[in-house]
Structure formats: C-alpha cells, structure tokens
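A quick write-up on the structure given underneath.
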Amino acid sequence: MKITVQSIGLTPHEPLEDHIEKKVNKLATFYDKIQECKVFLKVENASDRENKTTELILAVPGDDIVVKKTCATFEESLDQCVDTAKKLLIKKKEMA
123 MKITVQSIGL TPHEPLEDHI EKKVNKLATF YDKIQECKVF LKVENASDRE
173 NKTTELILAV PGDDIVVKKT CATFEESLDQ CVDTAKKLLI KKKEMA
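If you count by this note's numbering, then the sequence shown holds residues 123 to 218, one letter each, in order.
Take a look at the structure:
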C-alpha cells in the first residue's frame, strides 16, 4: 500500500511520520485490498486547543473510505482516524 502524507501549514517531524506509517500499515491486516492511503495533516485556525486535524483517505475498490478527526495532537487525531477506519474496513470486508 502506498502512503502519501500531505501537511498544510506545518512540517511533520520524524517521530510523527513514523507513527503515521506504523498505524496506517496496520490497516492492511484488516482489509488487504487497500491500494493507497492519503493522510492530510492540518492545523485549523481556531483558537481552540484541539485544532490538529487529520484526514485519512483510503483508496479501496468501490468507494474510498474517508475519515476526519480533530484533536489536541496529530498523534491523537491519527489514532482516532485509524480506529474508525479499522471498523469501516472490517464492515466492508464482511459485506464483500
């Protein structure tokens, strides 16, 4: 699976990139037909503490799976995205 990371308004540091790769690669164990995963990292302009948005777009046969979460850290929002994507992939696999 090809993983693309795009960050808007920031440069992701090495540990964050490793975290993304490790988490996203685990999704392949739940559904083996994922062709590509695009990860978008964005700092929202809000003055809230929870302004780190992560969006996952999984290219799978049929419909792409899109998950978007906003939290206080990118790691936290990524973890929530991956958890939600995992549930959606399991559901998709069961329906296939």
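Note that the Cβ used here is the ideal one computed from N, Cα and C, for glycine as well.
Roughly how many angstroms lie between the CA atoms of residue i and residue j, to the nearest whole one?
i, j, result
"K191", "R171", "14 Å"
"I142", "E197", "8 Å"
"C203", "F162", "11 Å"
"A218", "H135", "38 Å"
On the CB-based measure, 16 or more other CB atoms within 10 Å of its CB, does residue i come out buried or exposed?
i, result
"S169", "exposed"
"A150", "exposed"
"V189", "buried"
Grouping DSSP H, G and I as helix and E and B as strand, with all else coil, what is residue i?
i, result
"V181", "The identity of residue 181 in the sequence shown is Ala, whereas the question assumes Val. Strand at A181."
"F196", "helix"
"I212", "helix"
"T175", "strand"
Return the first residue and the last residue of the alpha helix (DSSP H) that residue i is part of.
i, result
"K148", "136-148"
Which residues bound the beta strand (DSSP E) around residue i?
i, result
"S129", "124-130"
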